[in-house]
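**Q** Residue numbers (full-length UniProt numbering): 7 to 466.
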Ligand code: PMP
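(1) Taking the beta strand (DSSP E) that residue 381 falls in, what are its first and last residues?
(2) Which runs of the beta strand (DSSP E), 3 residues or longer, sit entirely within the segment 172 to 229?
(3) Have a look at 233, 185, 186, 103 and flag the residue whose alpha-carbon is nearest the alpha-carbon of residue 159.
(4) Would you tell me roughly how many angstroms separate the C-alpha atoms of residue 162 and residue 177, rounded to the nearest one?
(5) Do residue 330 and residue 294 have their C-beta atoms closer together than 8 Å?
(6) May I have the straight-line CA-CA distance separating residue 274 from residue 201, to the nearest angstrom?
(7) Hey, could you find the ends of the alpha helix (DSSP H) residue 16 is sitting in?
(8) Got a sec? Which residues, its chain only, sit under 8 Å from residue 315 by beta carbon, not counting five neighbours each side?
(9) Which residue marks the beginning of the alpha helix (DSSP H) containing residue 114, and which one marks its end?
(10) If you compare alpha carbons, which of 109, 7, 37 is closest to residue 341?
(11) So, under 8 Å CB-CB, residue 226 and residue 248 are touching, yes? Tell me the CB distance rounded to an integer number of Å.
(12) Assuming residue 271 contacts residue 378 under a Cβ cut-off of 8 Å, what Cβ separation, rounded to an integer in Å, is found between them?
(13) For residue 458, tell me which candidate among 221, 117, 397, 41 has the shortest Cα-Cα distance.
(14) The alpha helix (DSSP H) spanning residue 82 covers which residue range?
(15) With distances taken from CA atoms, which of 51, 81, 44 is nearest residue 65?
(16) Comparing alpha-carbon positions, which option in 391, 456, 302, 209 lies nearest residue 405?
(17) Do residue 56 and residue 443 have their C-beta atoms closer together than 8 Å?
(18) Name the two residues that bound the continuous beta strand (DSSP E) containing residue 48.
(19) What does the Cβ neighbour count give for residue 375, buried or exposed, with the cut at 16 atoms within 10 Å?
(20) So, with DSSP's three-state summary, where would you put residue 419?
(21) Would the segment 89 to 101 count as touching the segment 321 to 330 if we require 3 or more Cβ pairs under 8 Å?
(22) Grouping DSSP H, G and I as helix and E and B as strand, with all else coil, what is residue 371?
(23) Starting from residue 40, trace the beta strand (DSSP E) both ways and give me its first and last residue.
(24) I want to check one thing, is the minimum distance from the CB of residue 449 to the heavy atoms of the ligand PMP below 7 Å?
(25) Mind checking who residue 258 pairs with in its DSSP beta bridge?
(26) If contacts are defined as beta-carbon pairs under 8 Å, then residue 425 and residue 236 qualify, I think. What distance do you get, rounded to the angstrom?
(27) Just to confirm my understanding: we take residue 452, look at its own chain, exclude 5 residues before and 5 after, and list those with CB closer than 7 Å. What are they?
(28) Using 8 Å as the threshold, is the C-beta distance between residue 372 and residue 386 below it?
(29) Between the segment 290 to 310 and the segment 113 to 130, can you find at least three pairs of beta-carbon atoms closer than 8 Å?
(30) Just tell me which of 346, 334, 418 has its CA closest to the CA of residue 81.
(31) Going by the DSSP bridge assignment, what does residue 376 pair with across the sheet?
(32) Residues in its own chain within less than 6 Å of residue 50 by CB, not counting five upstream and five downstream?
(33) Whose C-alpha, out of 22, 174, 35, is nearest the C-alpha of residue 12?
(34) Kindly indicate which three-state DSSP category residue 447 falls into: helix, strand or coil?
(35) Enumerate in chain order the residues of its own chain whose CB-to-CB distance from residue 207 is below 6 Å, with the five nearest sequence positions on each side excluded.
(36) Cutting at 7 Å between CB atoms, please list the residues of its own chain near residue 150, excluding the five before and the five after it.
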């Protein structure tokens, strides 16, 4: 029952979370979230907030599922922790790995557990380099990723990611190269979307030829770039990436931390975009955020090669943590038994898709794109010219986000793009609320920009 102002004061004094500082929220006071139910959050002032971001792309089954708490409590009493390193294992890790092998496409049948998506991507760096060592080609150690991709915040994950501000803080590891992102609106120029998708995929081939195929271990990408602003690639992009990886024998890693577990309307984004990766990174929706857990799902071939090389000296204390694994398993049971992935696909198309597409009629909105329950709109002062604002990138996005927040809707901004990724259990009635609040927020943002003289195009 501590008053909100007191909580905010303590938060500002001791809880170091610099992102909120950047948005000016820490100064004004970050909202304190107390509880959740379905798609709704309640803050310390009693406001009911519609969560358009599922936490941080996590809470696919929605908030407040008691079953997960009960499973966690039971597992904590029975066996709160054990490792899976030295000739021991335990039931939750065994059962979860088997379940994931059943759900994952193709021959992705083996799971290496981690505590988060970042850790899983660090695992992937070691895995693919170890794979080529065992195959007698140790010089194949470069990973190719994309600018503006996101693969986590550890040194490995942050290096694979293509976010320059992250590279600027602490540098990056060696042996990672980046190519352009398939972001047609921002970078496609006069090309059609399909041409641009092919062009960006072929940058992979150019990079491979520049480096030498015998130096390249793997390519990593998110089926849909999430943290980069929900960049949905042209349909030509992924098939061409897959073709190039196969041509040069390069391993393909799909980072499904966001796109996994129903987000794009299939169990995995790889299925939506028609690719067959050798390794898939998973986290977030794996437990719907109820417990921290991630992992790498590995193909038969990769597992066989790495397994035949003797010890793979890699592991985390919390790899396959029994409580987290039990919670993840229960989450998957709920997703499956309640047909939540099918629900997501059905509510996304056409119900949300039609309403989302209409947002592009708003004077402030350029493209409005959606795949499954993952969508983005780009804010622009001139949609015909796909123009950017003259103000620093992100200024308008932040203003729009703050209007949403004031209207009790959580959307995120990435630069001057606005994104959504609601819990997969969202209903048509809740979609109406989301669209109404988003439209109201855009109207208010537009009026504010007009008033402050900020509806100005960037020149050149
Ligand atoms: N990969 C992707 C695609 C992500 O979106 C994220 C988190 N946003 C990560 C990896 C890192 O996961 P974590 O924050 O659990 O380390």
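Where is the CB? At the ideal position from N, CA and C, for every residue including glycine. Keep in mind it's a predicted model, so treat the numbers as computed, not measured.
**A** In short:
(1) 380 to 385
(2) 182 to 185, 222 to 227
(3) 233
(4) 10 Å
(5) no
(6) 26 Å
(7) 10 to 20
(8) 136, 139, 140
(9) Not the alpha helix (DSSP H): residue 114 falls in the beta strand (DSSP E), residues 114 to 120.
(10) 109
(11) That pair is no contact at about 13 Å.
(12) 4 Å
(13) 397
(14) 72 to 84
(15) 44
(16) 456
(17) yes
(18) 46 to 49
(19) buried
(20) strand
(21) yes
(22) strand
(23) 39 to 43
(24) no
(25) 225
(26) 4 Å
(27) 369, 370
(28) yes
(29) yes
(30) 334
(31) 381
(32) 10, 38, 40
(33) 35
(34) helix
(35) 243, 246, 247
(36) 183, 185, 210, 213, 222, 225
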